[in-house]
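S.K.:
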Amino acid sequence: MERVAALARGPLVTEDDLAFLSTPRASAGEIPTALLDLPLPQAIEWLERAAIERALQQTVGNRAEAARRLGISRQSLYTKMAAYKLG
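According to the UniProt record's numbering, the sequence shown is numbered sequentially starting from 1.
Here you go:
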């Protein structure tokens, strides 16, 4: 319960705060082999870029909402977008 309270975005724990519990985790068989063959830093960059692009598509370019969905600050999103030359 302490962990859940620490992860909550407000004074009350909501269903959104618990969404990570129902999110299916990818098994090694679901991850593209080409990605697994990359050095870890490159694989992380690829996944991070893909997650950012997806969040921006899902939020129709709303950067504040994309950052919230990604669990990062808006400034972190802007920094990562600049690094990956996104939008």
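Note that the Cβ used here is the ideal one computed from N, Cα and C, for glycine as well.
Is the number of C-beta pairs between the segment 77 to 84 and the segment 51 to 66 that are closer than 8 Å three or more?
M.R.: Result yes; three or more Cβ-Cβ pairs closer than 8 Å.
S.K.: Can you give me the C-alpha to C-alpha distance between Val60 and Lys85, rounded to a whole angstrom?
M.R.: When rounded, the distance between both Cα atoms is 18 Å.
S.K.: Does DSSP put Pro11 in a helix, in a strand, or in coil?
M.R.: If DSSP states are grouped into helix, strand and coil, Pro11 belongs with coil.
S.K.: Let me know if Ala64 comes out buried or exposed under the rule of 16 or more other beta-carbons within 10 Å of its beta-carbon.
M.R.: Exposed is the call here.
S.K.: State buried or exposed for Ile44, treating a residue as buried only when at least 16 other CB atoms are found within 10 Å of its CB.
M.R.: Exposed, since its Cβ has fewer than 16 Cβ neighbours within 10 Å.
S.K.: Compute the Euclidean distance between the alpha carbons of Glu48 and Thr14, then round it to the nearest angstrom.
M.R.: Distance between the alpha carbons of Glu48 and Thr14 is about 26 Å.
S.K.: Which same chain residues, not among the five before or five after Met81, have their C-beta less than 7 Å away from its C-beta?
M.R.: Taken in chain order, the residues that qualify are Ile52 and Gly87.
S.K.: Cβ atoms of Trp46 and Leu36: under 9 Å apart, would you say?
M.R.: Not in contact: Leu36 and Trp46 (Cβ atoms no closer than 9 Å).
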